[in-house]
Each structure stands twice: as structure tokens, then as C-alpha cells.
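Everything on this sheet refers to the single structure shown next.
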Amino acid sequence: MPSRKYFQISSLGRDLMEDHTVLASMDPRSLLESKLSVTVKFRNNRFLATKCRLAAGSKYFERAFYGDFSVAASPVIDLGDEDDPELVLLMLRYLNGSSYSDLRCSMSMPQTLDLGISLFALADQYDVSTLRADIVDWFSMDVRNLMCFEVVLYAFQRLLGPSALFLADTSLQDTAFELCLENIETLPENQTFHDLLLDGTLLHSTFAGPLLAEVGGRLQQFKTGKRGPTKDLDLSQVFASEDNSLAST
Numbered sequence: 381m382p383s384r385k386y387f388q389i390s391s392l393g394r395d396l397m398e399d400h401t402v403l404a405s406m407d408p409r410s411l412l413e414s415k416l417s418v419t420v421k422f423r424n425n426r427f428l429a430t431k432c433r434l435a436a437g438s439k440y441f442e443r444a445f446y447g448d449f450s451v452a453a454s455p456v457i458d459l460g461d462e463d464d465p466e467l468v469l470l471m472l473r474y475l476n477g478s479s480y481s482d483l484r485c486s487m488s489m490p491q492t493l494d495l496g497i498s499l500f501a502l503a504d505q506y507d508v509s510t511l512r513a514d515i516v517d518w519f520s521m522d523v524r525n526l527m528c529f530e531v532v533l534y535a536f537q538r539l540l541g542p543s544a545l546f547l548a549d550t551s552l553q554d555t556a557f558e559l560c561l562e563n564i565e566t567l568p569e570n571q572t573f574h575d576l577l578l579d580g581t582l583l584h585s586t587f588a589g590p591l592l593a594e595v596g597g598r599l600q601q602f603k604t605g606k607r608g609p610t611k612d613l614d615l616s617q618v619f620a621s622e623d624n625s626l627a628s629t
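Residue numbers for the sequence shown follow this note's numbering, beginning at 381 and rising by one.
If you want it as C-alpha cells, here you go:
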């Protein structure tokens, strides 16, 4: 599926740090609070936050600010240029008090699946456990609402396929697999499901094996609609494709 841009960062390149003259005019308490502030740099963007808020929601920032690292005493932390700045901004807004529900409200529902997976991967990288849990909850609801659309199958593919993301927290992948099992009686009727399953790109052998073992008997009775609603799913083709997948891993 083509990648999507979720929104445009309106403050591209904008420096959000306070001016030195502003700092000089602060009372002692405000000045102390300013020392607890940190500017997060990512690409050409800067996001002003407090260290305690970032550390409270992210083990990554907790280790950075309260560990034995030079960044602990710095007013700036640079996250580098590798991550999607739009996703980083969403994560920082979440850590700064926005809810995941608020972050996704401006998007169409099909886009939220793609966003959720990408943002989950970033939250896995920066160890933001509450954001990951929120994404899992919303993902489960979105999939149930969108099960008749192909976007769900491509979401499964991103999480469960041979080229799936490597995640330390597997809760989103586990949920996707459970949802796949939950809907196994209707999924084979979808042409895209049939095609992706047979060409070996829908499920990695780690997931395909348990899936076929669990539902193999029932799958023989289901209809795929490959060229119409009466064509049966040929399990021998599925198992052959999975054998080839195992041989190549």
C-alpha cells in the first residue's frame, strides 16, 4: 500500500526555545522550572517540553534525563533525523498531555490503522507503554469496524507478514493475529485475503502455521470467492506456499 502523510507540521524549523531576555526577567521559581525544560530536536523541528513529563511517559527519556548521560544536564536533546517527524511530533504531543483519541481525530478511519501501526513502532522504540496500550485498544475497535475493507488485510500484512516490523512489544501483533483467527470464517471469502495468503505475503510462517493448524479443518468448508462465491480454498496450495516460506527463512 502507498505510504501516507498524516498531516503537515505547521512549525517546521521553528525554534520554540525562550529568548535569553525572557529568562533573565523570570522570578527564581520560574527560572528553576526553566532548567527542567528541554527542547527536543528532530529533523528541522524543535518541541519544548518538561523533562519530568517526557520521563514520566517514556523509559527512553527517563534513562536519558535521569541516567548518567551528558544529555541529562543539557537543555536540548537531539533525536536525530531517522524517524518520521510527523510521528515524532504525535508522540511528543501525547507525552505532553494529548490523548491518542485526540491525535487521531482529524484522520479518516482507514488511515488510523496505518497511523496506529507506525506510531506503535515509534512508541516501542521510545518505550512509551501507555501509548502502545491505547493504540492496541483502538486498533482492535477499528479492525472490527473495517473488517470488510482491504485496508485491514494490509494492516495484518504489516504486522504479521514475512516483512513485518520487529517489535519488542508484541501486543499489537498478538492482537492482530487474534483478530485474524476471530474472523477466519469470513476472511477466506475476501479475494485479497485469498491472494495474499497463497502468495505467502500475508502471514509469516510463525503465524501461518498456528493459523492453519487451528482452522485447517474448517477452511476446507469455506468459500473464497476467487472467481465467484463457489470456489473452495485449496489448502494444498496454502501449505505448499508455507513450506516454501519456511524453506526460505
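For every residue, glycine included, the Cβ atom is placed at its ideal position computed from N, Cα and C.
When burial is assigned at 16 or more other CB atoms within 10 Å of the CB, is residue 538 buried or exposed?
The residue in question, residue 538, is buried, as its Cβ has 16 or more Cβ neighbours within 10 Å.
Where does the unbroken beta strand (DSSP E) through residue 429 begin, and where does it stop?
425-430 is the span of the beta strand (DSSP E), which, as asked, contains residue 429.
For residue 533 versus residue 567, is the C-beta distance shorter than 9 Å?
In this structure, residue 567 lies closer than 9 Å to residue 533 by Cβ.
Look up residue 348 in the DSSP assignment and say whether it is helix, strand or coil.
Any question about residue 348 goes unanswered here, given that the chain covers just 381 to 629.
When you compare each of 579, 435 and 418 to residue 506 by their alpha carbons, which one comes out closest?
Of the listed residues, the one whose Cα sits closest to residue 506 is 435.
Going by DSSP, what residues sit across from residue 417 in a beta bridge?
Paired residues: 430.
Hey, could you find the ends of the alpha helix (DSSP H) residue 458 is sitting in?
Unbroken run through residue 458 is the beta strand (DSSP E), 456-458; no alpha helix (DSSP H).
Just tell me which of 423, 563 and 586 has its CA closest to the CA of residue 467.
Nearest C-alpha to residue 467: 423.
Evaluate the contact criterion for the segment 514-528 versus the segment 573-584: three or more CB pairs, one atom per stretch, below 8 Å.
Flag = no, the segment 514-528 and the segment 573-584 do not touch.
Assign residue 498 to buried or exposed, taking buried as 16 or more other Cβ atoms, counted over all protein chains shown, within 10 Å of its Cβ.
That one is buried.
So, do the segment 508-525 and the segment 482-495 have three or more beta carbon pairs nearer to each other than 8 Å?
Taking 8 Å as the limit for Cβ pairs, the verdict is that the segment 482-495 does touch the segment 508-525.
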